[in-house]
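Chemist: Please read through the structure below; I'll follow up with questions.
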Amino acid sequence: MNEQLPQKVRGQRQKFKLPIDIVKGGDTVTAGTEVDLFPDQIERIKQAAEKAKAAAQKEG
334 MNEQLPQKVR GQRQKFKLPI DIVKGGDTVT AGTEVDLFPD QIERIKQAAE
384 KAKAAAQKEG
């Protein structure tokens, strides 16, 4: 009765240089810092960076 639950396949961690500052729970990681992240995390950060740039351009 020891069934394994399907695990989310995330792929290999990759080195990634952050395009923006990230603040989470009071901790800040500045842009340009190289971190090891999974591909899905990298994709979310890229999307957030694009949204931030678009918002900054709107404000002028």
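When we follow my numbering, the leftmost residue of the sequence shown carries the number 334, and every step to the right adds one. We treat Cβ as the ideally placed atom computed from N, Cα and C, and that holds for glycine.
Which of the three DSSP states, helix, strand or coil, is assigned to Q345?
Modeler: coil
Chemist: The beta strand (DSSP E) that contains I355, what's its start and end?
Modeler: Taken as a continuous stretch (DSSP letters only), the beta strand (DSSP E) holding I355 covers 355–357.
Chemist: Closest by CA to Q347, which one among L370, T363, I353, A388?
Modeler: L370
Chemist: Between which two residues does the beta strand (DSSP E) containing L370 stretch?
Modeler: 367–370
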